[in-house]
Amino acid sequence: MNHLGPNHTAGLNSNTSNKSLVDLAMENFAVQRTLSRPASCTGIALHSGRKISLSINPAPAGAGIQFRRTDLAGSAPIAANWENVVDTTMCTTLGGEGDVRIATVEHLMAALAGCHVDNAIIEVDGPELPVMDGSAHPFVFLIECAGVIEQNVSRPILEILKPVKVSAGASSAELAPADIFSVSFEIDFDQSAVSRQEISVNLVNGTFKNEIARARTFGFANEVEQLRAAGLALGGSLDNAVVVDGETVLNEGGLRYSDEFVRHKVLDAVGDLYLAGAPIKGHYRGVRAGHALTNKLLHTLFADTGAWRIRNGDAQLDPIAATG
């Protein structure tokens, strides 16, 4: 693929020039989908450092995405929903009954969103998902190996009707009306290897897989000891994260994209936004935003019933009825 510069718009190529973005989006927004068979992997958890086994399993139409801790006998599944987010420190953590938690769900959620998987049961034998290589690409590969099938039930779409914005200091996150799902992001770090980057992506026609999925999580060398003292990044290494020391990227292979840092922020946003419970028809803009601000944005959005509606096939569901 073409490596994109620090100020860039992605999402179209010559093969799609005869179709509008709306047409391309609707091709993805037809019916619900799930995996055709289970798919499994094993890896190291980024923060706990534990070896974790994960399985993505088919689920019936309408089930949504659910997480289940197989190491806790009898524990109830946790719905992948913005209301179940209990912690956003360095990752997104879901919580369920009896203080059952599952952390670092955002990369897998991004892969499920990018592969248009609506229904799946995720089984994991520990409190955190494996980080794999630090990107969503291994999960995309896993889903594609299993295969995805249509379920002949119309897919609900969350349509944004008016702008909703939340801020915290110099950081902000916003959702606004748009014909398709698109994301723009801006970051600005003191470390010169990262500095200021921005990107705008139309997430149609495989753009997530081709332009975003391989972007890895990143961290800074001067923060490693502090994070580990706090019980975080215990499984972090150059095999599963980009590590920056001032103007130097410490990974032997360098970056996968010249703007890999901001692309990974898009990846995180896609995963966190999929906790809305449905694909979004709207534009997300993040400025120095993280997991906490994106989750706050979803809380603010759903609190305003005039800011959104659920479209299910040709039907438009009243927001109050939709939230039941």
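Going by the working numbering, the first residue of the sequence shown is number 26, and it counts up by one from there.
Cβ atoms here follow ideal geometry from the backbone N, Cα and C, with glycine treated the same way.
As the structure is a prediction and not an experimental result, all values here were calculated from the model.
Per DSSP, H72 lies in no beta strand (DSSP E) and is assigned neither H nor E. Contiguous alpha helix (DSSP H) elements confined to the region 268-297 do not occur, taking only those with 4 or more residues. Straight through space, the alpha carbons of G307 and G68 are spaced by roughly 34 Å. The Cβ-Cβ distance between A145 and A64 does not fall below 7 Å. The criterion of a C-beta distance shorter than 7 Å is not satisfied by V173 and I205.
In the three-state scheme derived from DSSP, where H, G and I count as helix and E and B as strand, G231 is classed as coil. Looking from the CA of L119, the closest CA among A98, G151, H141, C140 belongs to G151.
Contact between the region 70-79 and the region 252-265 is established, with three or more Cβ pairs separated by less than 8 Å.
The distance from the Cβ of T117 to that of L154 is about 10 Å, inconsistent with a contact at the 8 Å cut-off. Here T273 has A218 as same chain residues with Cβ atoms under 7 Å from its own Cβ, once five neighbours each way along the sequence are excluded.
Between E148 and S80 a beta carbon distance of about 4 Å is seen, short of the 8 Å cut, so the two are scored as contacting. Short of 6 Å from the beta carbon of R336, and not among the five residues preceding or following it, lie these beta carbons of its own chain, in chain order: I182, E184.
The three-state reading of DSSP puts T129 in coil, since its state is none of H, G, I, E or B. No Cβ-Cβ contact shorter than 7 Å links L97 with A332. Membership of E148 in the beta strand (DSSP E) is indicated by the continuous run 145-149.
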